[in-house]
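Participant: Quick one: structure below, then a few questions.
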Amino acid sequence: MKAHWFPLILFLILIILITIDGIIGYQKRKSEDEAITAFLKAEPVDTVWRGWNQYQIPTYSDSGKLIWYGRELIANTSYYLGPKGIVSHITNGMNCQNCHLDAGTVPYGNNFGKTYSTYPQFRARNNNIQSVYDRINDCLERSLNGKPMDSSTHEMQAMYAYIQWLGNDVPKGDAPGGTGIPKLK
16 MKAHWFPLIL FLILIILITI DGIIGYQKRK SEDEAITAFL KAEPVDTVWR
66 GWNQYQIPTY SDSGKLIWYG RELIANTSYY LGPKGIVSHI TNGMNCQNCH
116 LDAGTVPYGN NFGKTYSTYP QFRARNNNIQ SVYDRINDCL ERSLNGKPMD
166 SSTHEMQAMY AYIQWLGNDV PKGDAPGGTG IPKLK
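Counting from 1 along the sequence shown, just add 15 to a position and that's the residue number in our numbering.
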């Protein structure tokens with residue numbers, strides 16, 4: 016008779032162990048699911064500046080049309096201002112977005128996120144305080160091997176309006192993450 020009890024007791028112990036393991040596994044999985052749900056509901060902490068999408072430009076107003084034109088000038092500089100430009104012939108055929116990726120909206124892509132909030136500023140290269148207009152002309156002359164534009168031209172006003180619009184939500188003097196070019200080690 017004792018021989019018949021041993022398999023039964025062994026079977027019961029096995030059932031108890033499997034049940035305990037299942038309960039513990041369920042509780043662990045439930046707490047992990049709750050942690051994941053809480054994580055997904057939490058607001059993300061994002062410290063990297065991201066530029067506005069071009070389709071967020073308010074093109075229904077005159078200022079919006081100027082902003083749109085500024086973006087066009089930065090994205091397609093050569094078409095408007097290049098050697099065969101339809102507006103002027105003052106640059107070497109490159110586009111501003113060759114350096115300022117996606118018209119200056121990409122994080123860490125030499126963007127315009129902090130430009131409006133940090134200018135005017137002293138620039139050691141020029142040993143002078145530069146405005147946004149001066150900085151645009153600096154790019155036109157140095158990077159695009161071109162000629163400067165007067166700050167009162169429609170094109171300069173459009174580029175300025177676009178840069179201002181991109182940095183509108185950045186507090187004066189602030190440089191959010193992703194607005195510079197990372198230093199390589």
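The beta carbon of each residue, even a glycine, is placed where N, CA and C say it ideally should be. As the structure is a computational prediction, the values presented were derived from the model and not from experiment.
Hey, Q69 and I89: beta-carbon distance below 7 angstroms or not?
Facilitator: no
Participant: Could you compute how far the alpha carbon of Y95 sits from the alpha carbon of D48?
Facilitator: 55 angstroms
Participant: Under DSSP, the alpha helix (DSSP H) around I89 begins and ends at which residues?
Facilitator: D77 to A90
Participant: Which residue wins for smallest C-alpha separation from D165, given the options L159, Y175 and R157?
Facilitator: Measuring from the Cα of D165, the nearest candidate turns out to be Y175.
Participant: Measuring only the C-alpha atoms, how far is Y177 from W83?
Facilitator: Going by the C-alpha atoms only, they are around 7 angstroms apart.
Participant: Please report the residue range of the beta strand (DSSP E) in which N152 lies.
Facilitator: Not the beta strand (DSSP E): N152 falls in the alpha helix (DSSP H), residues V147 to R157.
Participant: Only counting runs of 3 or more residues, tell me where the beta strand (DSSP E) segments fall wholly within the stretch 105-145, in order along the chain.
Facilitator: Complete beta strand (DSSP E) runs here, min 3: 136-138 and 143-145.
Participant: On the CB-based measure, 16 or more other CB atoms within 10 Å of its CB, does H13 come out buried or exposed?
Facilitator: There is no way to answer for residue 13, as the model of the chain reaches only from 16 to 200.
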